[in-house]
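Residue 1 is where the sequence shown starts when you use my numbering, and the numbers rise one by one after that.
Ideal Cβ positions, reconstructed from N, Cα and C, are used throughout, including at glycine.
Notes for the one structure printed next.
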Amino acid sequence: MARVTLVTGGSRGIGRAVAQRLGASGYPIAVNYTSRADAAEEVVESIRSAGGSAMAVGADVSQVDAVAAMFETVEAELGPVEVLVNNAGITRDGLLLRMGEDDWDRVISVNLKSVYLCSKAALRSMIRSRWGRIVSIGSVSGLSGNPGQANYAASKAGVIGFSKSLAKEVGSRGVTVNVVAPGFIATDMTEELGEAAVNAASESTSVGRLGTPGEVASAVEYLAADDASYITGQVLVVDGGLAL
Ligand code: NDP
């Protein structure tokens, strides 16, 4: 069934792969971005040229007014959002003693407040139609912690607590709420780490390599499907055995 899907941060990396994967499966896709309109348009074009339907929608998902405007635009063009993929995220790494308040606030806003804002905005129509899927992209950092990522790990652990609570609130209305927690995935975000750190990360997995955005996208597609109707409040770790 073609369910209208909004992917936050769909212009690059994991979000791009999710948008393309679900787009190829026939879901009409809204590709959200915050600064790279050109990258979002490219994703839209790739979905359309593969026979799917898609639109780009700019919004900083940490801002309440921007989120409200984004949902209005998507609803007017594609219809109410039935599948929400909370993917937009940033890092501002640093050891705690050197972590500025701005680095803390920005990461919590973009990674966690956005999940609250977008899920709330999506929920009314999901409850009305008694069907919905909310899949948020967490991180193994949110499960195990990571030095230099106190802000990021706190935001991702927050996404898990949020999702489990919301799953309990809305399960009886046909809405499931789950988290996909990737390990190291090859995207712009991990490219910032540098070659030595990427090699060390690869070695610390069981499969001996970084994951691909497509490998995360397939987990998201699984949880977004009708067939996943009895799975809610879960964290699906996609990390090649990193956290074992
Ligand atoms: P990228 O840095 O490759 O892409 C980030 C995406 O988020 C871009 O589309 C960007 O838009 C968008 N974005 C950033 N800030 C905002 C904002 N305020 N409002 C709307 N969109 C925004 O990241 P990844 O693909 O690597 O990461 C995607 C998600 O997966 C994140 O939540 C991240 O924490 C998580 N994750 C990633 C891992 C990895 O190894 N890569 C591991 C574990 C979790 P624009 O193009 O306009 O800048």
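- Taking C-alpha positions only, Arg-128 is separated from Ala-66 by approximately 23 Å.
- The C-beta separation of Leu-84 from Leu-6 comes to about 5 Å, placing the pair in contact by the 8 Å criterion.
- Boundaries cannot be given for Ile-90, as no alpha helix (DSSP H) includes it and DSSP labels it neither H nor E.
- Taking all protein chains in view, the Cβ of Glu-203 is surrounded by fewer than 16 other Cβ atoms within 10 Å, so the residue is classified as exposed.
- Not one heavy atom of the ligand NDP falls within 7 Å of the beta-carbon of Tyr-116.
- Here Gly-51 is exposed, its C-beta having fewer than 16 other C-beta atoms within 10 Å.
- In the structure shown, the three-state DSSP call for Pro-147 is coil.
- DSSP, reduced to helix, strand and coil, places Pro-80 outside both helices and strands of the structure shown, so it counts as coil.
- Val-140 carries a coil assignment under DSSP once its states are collapsed to helix, strand and coil.
- Cβ-Cβ distances below 6 Å link Ala-121 to Val-67, Phe-71 in the same chain, with the five nearest sequence neighbours on each side left out; the list follows chain order.
- Remark: the shortest separation between the CB of Asn-87 and any heavy atom of the ligand NDP falls under 7 Å.
- By the beta-carbon neighbour count (other beta carbons within 10 angstroms, threshold 16), Tyr-33 is buried.
- Beta-bridge analysis with DSSP links Tyr-33 to Gly-58.
- For Val-44, the closest alpha carbon among the candidates Ala-59, Arg-12, Val-135 is that of Arg-12.
- Val-159 places its beta carbon 8 Å or farther from that of Val-180.
- Closest option to Val-57, judged by alpha-carbon separation, among Asn-146, Thr-8, Asn-87, Asp-105: Thr-8.
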